[in-house]
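Under our numbering, the residues of the sequence shown are numbered 6 to 157, in order.
Cβ atoms here follow ideal geometry from the backbone N, Cα and C, with glycine treated the same way.
One structure is given here, and the rest of the page talks about it.
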Amino acid sequence: MVTIFVEGLRQSPARLQLFRKIPSTLDEAIRIAFSEEYSHRSANGNVPIPGDGACQSGSLYEYVDSCYFVASIGRGYEVKANGAIELILDSNILSNPHHCPPPLEKRKGRPRVRRLASQGENQSSGKRPCSSSKPTCSMCGLVGHNKRTCRD
């Protein structure tokens, strides 16, 4: 079901009425979907809503892939004589059957603790470098003693 917002005729332009349409064909559904974009724009301002003129250039089937057509879906669900459903695949998938990833093998031993560094990331030893070997006092801010041995 496609919901379309149309500007009300009897009331103010800001008031919107909600109409619901159930499309019967693919052409009608695409036309409604295209016109819905214009109706959302017209809800914010006074933009005119084009009727069916929004999609008149070209065929509507240019915008839809052939796998979504009813005929293609019907062919995919045809039941064969043995009762199996045939899967319709693209030709490049059929030509290369090795699309599955290789089987995952569990590595032996203990797993890594550190993550692998990305390219361009600085390599560090893991320990923070000591900026100074002498302690700094938190009371007076001088270097050479700490808070416990501060004389000030």
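What three-state label does DSSP hand V75 in the structure shown? Here residue 75 refers to the residue found at position 70 when the sequence shown is read from its first residue. Residue state, collapsed to three classes: helix.
Does the Cβ of R36 have 16 or more other Cβ atoms within 10 Å, making it buried, or fewer, making it exposed? Taking the sequence shown and counting its residues from 1, one reaches residue 36 at position 31. Counting of Cβ neighbours within 10 angstroms places R36 among the buried residues, the total reaching 16 or more.
Between L121 and P106, what straight-line distance do the alpha-carbon atoms span, to the nearest angstrom? As a first step, residue 121 is located in the sequence shown; it is residue number 116 there, counting from the start. As a first step, residue 106 is located in the sequence shown; it is residue number 101 there, counting from the start. Taking the straight line from one Cα to the other gives about 23 Å.
What does the alpha-carbon distance come out to for the pair S77 and D70? For the purposes of this step, residue 77 is taken as residue 72 along the sequence shown, with counting starting at 1. For the purposes of this step, residue 70 is taken as residue 65 along the sequence shown, with counting starting at 1. Straight through space, the alpha carbons of D70 and S77 are spaced by roughly 10 Å.
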